[in-house]
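Trainee:
Residue numbers (our numbering): 23 to 77.
In structure tokens:
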């Protein structure tokens with residue numbers, strides 16, 4: 023699971039884009055039900071991790 027990995031869990035708390043995405047009820051419902059939404063969210067998370075490591 024993505025939330026069990028420490029690098030992702032820390033990003034959920036500290037990153038504004040990821041946190042705001044997860045605070046939306048509609049987006050979270052889509053994440054639960056829609057595979058495309060899950061892929062887009064993982065892409066967003068991976069992009070934010072890359073940005074964090076390049077700085």
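Every residue gets a Cβ at the ideal spot worked out from N, C-alpha and C, and that includes glycine.
(1) Is it right to say residue 33 is buried, meaning 16 or more other beta carbons lie within 10 angstroms of its own, or is it exposed?
(2) Kindly indicate which three-state DSSP category residue 42 falls into: helix, strand or coil?
(3) From residue 53 to residue 69, what distance separates their C-alpha atoms?
(4) Using a Cβ-Cβ cutoff of less than 7 Å, which residues in the same chain neighbour residue 60 once the five nearest sequence positions on both sides are dropped?
Mentor: Judging by the given coordinates:
(1) On the chain shown, residue 33 is found 11 positions in, with the first residue counted as 1. Residue 33 should be labelled buried.
(2) For the purposes of this step, residue 42 is taken as the residue at position 20 of the chain shown. The three-state secondary structure of residue 42, taken from DSSP, is helix.
(3) One-based indexing of the chain shown puts residue 53 at position 31. One-based indexing of the chain shown puts residue 69 at position 47. When rounded, the distance between both Cα atoms is 18 Å.
(4) The sequence position of residue 60 within the chain shown is 38, counting from 1. Contacts found: 53.
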